[in-house]
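In our numbering, the protein residues as written are 4 to 312.
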Amino acid sequence: MSAHSHGHTGHGHTHDLPDHRGRLAAVLAITLTVLVAEVVGAVVSGSLALLTDAAHVLTDAGGLVLGLVAASLARRPTTDTHSWGWRRAEVLGAAAQAAVLLGVGLYVLVESVSRLLSPEPVASGAMLVFGAVGLVGNLVGLGLLVGARGADLNLRAAFLEVANDTLGSVAVLVAAAVVALTGWARADAVASLVIVALILPRTLLLLASTGRVLLEATPAGIDVAALRGRLCTHPHVLAVHDLHVTQVATGLPTLTAHVVVTDECFLDGHLGPLLDELQALLARDFDVAHSTLQFESERHAEHEHAAHP
4 MSAHSHGHTG HGHTHDLPDH RGRLAAVLAI TLTVLVAEVV GAVVSGSLAL LTDAAHVLTD
64 AGGLVLGLVA ASLARRPTTD THSWGWRRAE VLGAAAQAAV LLGVGLYVLV ESVSRLLSPE
124 PVASGAMLVF GAVGLVGNLV GLGLLVGARG ADLNLRAAFL EVANDTLGSV AVLVAAAVVA
184 LTGWARADAV ASLVIVALIL PRTLLLLAST GRVLLEATPA GIDVAALRGR LCTHPHVLAV
244 HDLHVTQVAT GLPTLTAHVV VTDECFLDGH LGPLLDELQA LLARDFDVAH STLQFESERH
304 AEHEHAAHP
């Protein structure tokens, strides 16, 4: 005999999600403005650094479009065919952004090395003007996103993109100043390499974060061994098996487990209070508010099919 039960708090209903689409739309408008300015600046000045940053900004504009779409999908209600709604769209959007950024970063790396070997003349004055326009626009975008960057992976991706753009604009300005003061044209290619160095590590970290969610790895910060041990400290709990902890989206970890309890729990009506106690423990000590626990007697283990640890 067993009881199958679900937690009833913190299900992450889509109507409870904070709406950051306005921020993303505003940042997208600013990013497109910066893109146009940097493309014009690259044509006028002949700067690879400006062109590199423009390519990066173009990628980020596409990423922000993906982010807006993902944010809208994530707010769609749950249905029988999508029992979690579209919450994981946030993760897919972030993964797509990171993958495109990685491709752009590798392309620019090759082009920058080529320019180092065969430098081309650049107009430092135009670089300074258009680099400054890009810096101002990116700083405004950062100001819009900084307060919400931890809300979900999608917004984190958008914040990282604008932060990288900001640092890229700084690199362009520094390169323009070096070219203007010293005439060293290779500074333009060096600035491009700096921008690549800013893109790749953060991109790989974001890919790792989204990959963990998509592979249904245990959420960061949750020690499964400690969690199992904590459940087993309850006087009525004899063992815990088939324990799985995964993450649907940011802030939505889920847990399922088979809990072996003493036989008297099935006879004295204690299963209801026990369920409340264990789910309260999971929410309080491990921040897992959505859990599904199946209670089993000791004899039930004989009928289990290749139970997991």
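For every residue, glycine included, the Cβ atom is placed at its ideal position computed from N, Cα and C.
Computed from a predicted model, the values in this text were never measured in an experiment.
Query	Result
In chain order, each alpha helix (DSSP H) run of at least 4 residues that lies wholly inside the stretch 95 to 135	none
Stretch pair the stretch 295 to 302 + the stretch 249 to 262: three plus CB contacts closer than 8 Å	yes
Residues near Leu76 by beta carbon distance below 7 Å, same chain, minus five either side	Trp89 and Ala92
Anticipated Cβ contact below 8 Å, His59 with Asp168, distance rounded	6 Å
N- and C-terminal bounds of the beta strand (DSSP E) containing Val37	That residue, Val37, is in no beta strand (DSSP E); its alpha helix (DSSP H) goes Arg24 to Ser48.
Integer-rounded CB distance, given that Leu158 should sit under 8 Å from Leu148	7 Å
Per DSSP, the bridge partner or partners of Pro80	DSSP lists no partner for Pro80.
Cβ neighbours of Leu196 in the same chain (closer than 6 Å, five flanking residues each side left out)	Ser115
Distance CB(Ser121)-CB(Asn141) smaller than 8 Å	no
Segment limits, beta strand (DSSP E) that includes Ser212	Looking at the DSSP string, Ser212 is not in any beta strand (DSSP E); the run it does join, the alpha helix (DSSP H), is Arg189 to Leu217.
Residues of its chain near Ala180, where Cβ-Cβ distance is below 8 Å and the 5 sequence neighbours each way are ignored	Ser127 and Leu131
Supposed close pair Ala101, Thr213 - CB separation, criterion 8 Å	7 Å
Thr34 burial status per 10 Å Cβ neighbour count (16 or more: buried)	buried
Inter-residue Cα distance where the pair is Leu285 and Gly275	16 Å
Touch test, the stretch 198 to 216 against the stretch 99 to 113, Cβ-Cβ under 8 Å, three pairs minimum	yes
Per-residue burial, Ser86 [other beta carbons within 10 Å of its own, 16 or more giving buried]	exposed
Status (buried if at least 16 other CB within 10 Å, exposed otherwise) for Val291	buried
Boundaries (first-last residue) of the alpha helix (DSSP H) holding Leu278	Leu274 to Phe289
Three-state class that DSSP yields for Ala3 in the structure shown	As displayed, the chain neither begins before 4 nor continues past 312, which places residue 3 out of reach and without an answer.
Three-state secondary structure (DSSP) of Asp245	strand
Contact set for Leu67: own chain, Cβ-Cβ below 7 Å, skip 5 residues either direction	Leu27, Val30, Leu31, Thr34 and Ala161
8 Å Cβ cutoff met for Val72 and Gly96	yes
Strand pairing of Val240, partner residues [DSSP]	Val264
Environment of Cys235 [buried if 16+ CB atoms lie within 10 Å]	exposed
Own chain residues within Cβ distance below 7 Å of Leu176, not counting five before or after	Leu131, Gly134, Ala135 and Leu138
Spatially closest choice to Gly108 from Ala52, Val251 and Arg287, by CA coordinates	Ala52
Cβ-Cβ separation, Gly49 to Val125 (assumed contact under 8 Å), whole Å	5 Å
Nearest to Leu119 (by Cα), restricted to the options Thr36, Ala200 and Ala188	Ala188
Outcome for His16 when other beta-carbon atoms lying within 10 angstroms are tallied against a minimum of 16	Residue confidence for His16 is low, a pLDDT of 47 falling below 50, so the modelled location carries little weight; the figure read from the coordinates is stated next. Under this definition His16 is an exposed residue.
Contacting residues, own chain, Cβ-Cβ under 6 Å from Glu219 (five flanking each side not counted)	Thr249
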